[in-house]
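Below is one structure; the comments refer to it alone.
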Amino acid sequence: MNVPAGLQANKPGHPSLRENAGLPSQWIQSGPQSGSLAVASFGLQLQNPSDAQDQQVMQRPVKKLTWRFPAAPQIPTPPAPVNFVRQSDVAPTQSVTARCNETAVYVEVKKDLFGTSAHLNIAALTLGGCASKGVDVSSPVLVYESPLHSCNSKLTVTATELVYIFTLGIASVPITSAPILRSPGAMAFIECHYLRFHNVSSSALLPAWIPYASAQAAEEHLIFSLRLMMDDWISERPSDYNYQLGELINIEASVVQFNHVPLRVFVDSCVATAVPDVNAVPRYSFIENHGCLIDAKLTQSSSRFMPQTQAAKLGFQLEAFKFQHMNSSWFYIACILKATAASAPADAEHKACSFSGNRWTAAYGATRYAACATAVAREEGT
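Everything in the sequence shown is counted per UniProt numbering, starting at 1 for the first residue and increasing by one.
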């Protein structure tokens with residue numbers, strides 16, 4: 001008779017059933033007939049399939065389950081990571097120095113190459129396969145010297161340079177008693193740069209030459225200005241300010257520098273008219289002959305050039321006046337300004353001269369008495 005696993009057939013005179021392993025006795029039902037096969041199921045009862053009507057249900061009080069799964073263990077918080085740098089990754093400072101001359105390269109290498117106080121295998125350290133030029137036990141450095149075309153150097157040509165590249169390397173030396181390495185290898189590149197093009201002309205540059213930049217700036221447009229100034233020569237005065245006759249009018253001429261070489265500004269000529277037209281009549285020319293302020297010579301006024309403290313600015317004073325037989329007290333001033341290199345000396349065409357104390361004085365450079373006297377003589381008709 002085949003019996004399912006976990007069950008045992010009833011013997012004659014033994015009507016009881018053996019409980020299935022793992023199932024409580026209160027979950028098992030038995031029939032009255034002996035010798036019948038009992039089958040256990042997970043429906044919490046055992047049935048006799050031959051006679052379902054004669055079943056008796058055997059139930060006992062169910063004890064409340066108090067066992068629980070143990071709580072999961074607490075995972076400890078890992079400690080904060082510690083920042084560290086591997087000693088082998090620390091780059092040594094100033095371990096290798098090199099100097100390049102016209103024909104060779106000179107290299108010095110510290111024996112403590114890695115900065116770890118470890119002994120360096122001198123024989124394994126080469127410059128492109130070339131050994132050091134002698135070893136001094138007392139010296140902390142090794143010396144290498146090689147012509148530019150030796151020691152397996154590589155030449156690279158760029159648009160403007162010739163570059164010689166040397167390889168300074170130390171090989172990993174195996175341990176004779178074991179198939180392992182304990183010394184790291186290292187490699188450094190040394191480059192020597194040389195210009196491809198040089199000036200080989202035998203003509204020396206003359207220090208007195210004006211730089212080409214100044215000549216180029218002279219061909220460009222310069223920005224000049226002519227402004228009425230306050231007595232402090234810092235603030236600008238409004239153009240509609242009413243001057244009293246004989247009051248000094250402060251006028252400043254200037255040139256904008258931009259990217260030019262330093263420039264010096266000059267007032268070549270100035271004319272005053274009653275209307276905004278330089279060719280109108282009446283007209284009064286008070287600066288002539290490339291910078292001669294002749295108003296003081298003609299009218300014994302206090303008109304004069306101010307001393308030029310900044311090359312790009314030049315101030316002058318003109319006594320206020322009005323035209324005869326004109327109802328309007330307004331007049332207009334038009335000036336021709338020019339600029340030269342600030343380093344250029346004053347000459348007959350670049351000057352700023354005033355008449356004071358019966359003589360000519362210059363706001364900048366040497367006074368040109370003859371040039372200004374000629375202009376005054378022509379104006380007076382002498």
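Glycine residues also receive a C-beta, built at the ideal position from the N, C-alpha and C atoms.
**Prompt:** Distance, Cα to Cα, Pro-78 vs Pro-70?
**Reply:** 24 angstroms
**Prompt:** Can you tell me whether DSSP reads Ile-294 as helix, strand or coil?
**Reply:** coil
**Asked** Which residues in the same chain as Asp-268 place their Cβ atom closer than 6 angstroms to its Cβ, once the five residues preceding and following it in sequence are excluded?
**Response** His-290, Ile-336, Lys-338
**Request:** Closer than 7 angstroms by C-beta to Val-278: which residues in its own chain qualify, once you throw out the five before and the five after it? Chain order, please.
**Result:** Val-271, Ala-334
**Item:** Per-residue burial, Gln-317 [other beta carbons within 10 Å of its own, 16 or more giving buried]
**Value:** buried
**Request:** Can you give me the Cβ contacts of Arg-196 inside the same chain, cut-off strictly under 7 angstroms, excluding the 5 residues immediately before and after it?
**Result:** Thr-160, Glu-161, Leu-162
**Item:** Chain-order list of residues whose beta-carbon lies under 8 angstroms from that of Pro-262 (same chain, five-residue window excluded)
**Value:** Ala-311, Ala-312, Ala-341, Ala-342, Ser-343
**Prompt:** Ser-139 to Val-157, Cα distance in whole Å?
**Reply:** 37 angstroms
**Asked** How would you write the range of the beta strand (DSSP E) that His-193 sits in, first residue to last?
**Response** 186 to 195
**Message:** I'd like to know whether the C-beta atoms of Tyr-332 and Pro-282 end up nearer to each other than 7 angstroms.
**Reply:** no
**Message:** With H, G and I counted as helix, E and B as strand and the rest as coil, what does DSSP make of Ala-124?
**Reply:** helix
**Request:** Using a threshold of 7 angstroms, state whether the C-beta atoms of Cys-192 and Tyr-164 are closer than that.
**Result:** yes
**Request:** Could you tell me the distance, in whole angstroms, from the CA atom of Pro-238 to the CA atom of Asn-250?
**Result:** 12 angstroms
**Request:** Tell me whether Phe-321 is buried or exposed, calling it buried when 16 or more other Cβ atoms sit within 10 Å of its Cβ.
**Result:** buried
**Request:** Report the residue from Ala-188, Pro-81, Ala-362, Gly-357 whose alpha carbon sits nearest the alpha carbon of Thr-97.
**Result:** Ala-188
**Message:** On a Cα-Cα basis, can you pick out the residue from Lys-110, Pro-147, Cys-151 that is closest to Val-135?
**Reply:** Lys-110
**Request:** Measure the beta-carbon distance from Ala-296 to Ser-303 and round it to whole angstroms, keeping in mind my assumption that it falls under 8 angstroms.
**Result:** 5 angstroms
**Asked** Does DSSP put Thr-299 in a helix, a strand or coil?
**Response** helix
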